[in-house]
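Participant: Residue numbers (my numbering): 332 to 398.
This is the structure I want to talk about, given as structure tokens.
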Amino acid sequence: MASTALSLLVLTIVALTAGAAFLWRRGGGRKQIVLMLVLAAVLAINVAIWVVPTSGGQSLAGKAATQ
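Structure below.
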């Protein structure tokens, strides 16, 4: 279940970044572009928190999967 959620988060990051690039090329609203990129950055940090292993060698996602 955790891997599905992380996969959806990564796909959302890609979609937000692509959407921001598309809006930027079309001359869209700067505020929307910045907000999309900020949200993508927040999601990327959340994914990193769950995936990057701790000093013990186990990630939060791995620990959640074993429980």
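The beta carbon of each residue, even a glycine, is placed where N, CA and C say it ideally should be.
1) Out of S338, V345, S334, A395, point me to the one whose CA is closest to V369's CA.
2) With a 10 Å radius around its C-beta and 16 neighbouring C-beta atoms as the bar for buried, classify L342 as buried or exposed.
3) On the CB-based measure, 16 or more other CB atoms within 10 Å of its CB, does A371 come out buried or exposed?
4) I need the DSSP call for G393, collapsed to helix, strand or coil.
5) Consult DSSP for V378 and reduce its assignment to one of helix, strand or coil.
6) Going by alpha carbons, who is nearest to I364 out of L347, M332, A375?
Facilitator: Short version:
1) Numbered from its first residue, the sequence shown carries residue 369 at position 38. That would be V345, whose Cα lies nearest to the Cα of V369.
2) Against the sequence shown, residue 342 aligns to sequence position 11. So L342 counts as exposed.
3) Counting from 1 along the sequence shown, the entry for residue 371 is found at position 40. If you draw a 10 Å sphere on the C-beta of A371, you find 16 or more other C-beta atoms in it, and that means buried.
4) If you number the sequence shown from 1, residue 393 lands on position 62. Helix.
5) Here residue 378 is taken as the residue at index 47 of the sequence shown, counted from 1. Of the three classes helix, strand and coil, the one that applies to V378 here is helix, per DSSP.
6) Your numbering for residue 364 matches position 33 in the sequence shown. Considering only alpha carbons, the answer is L347.
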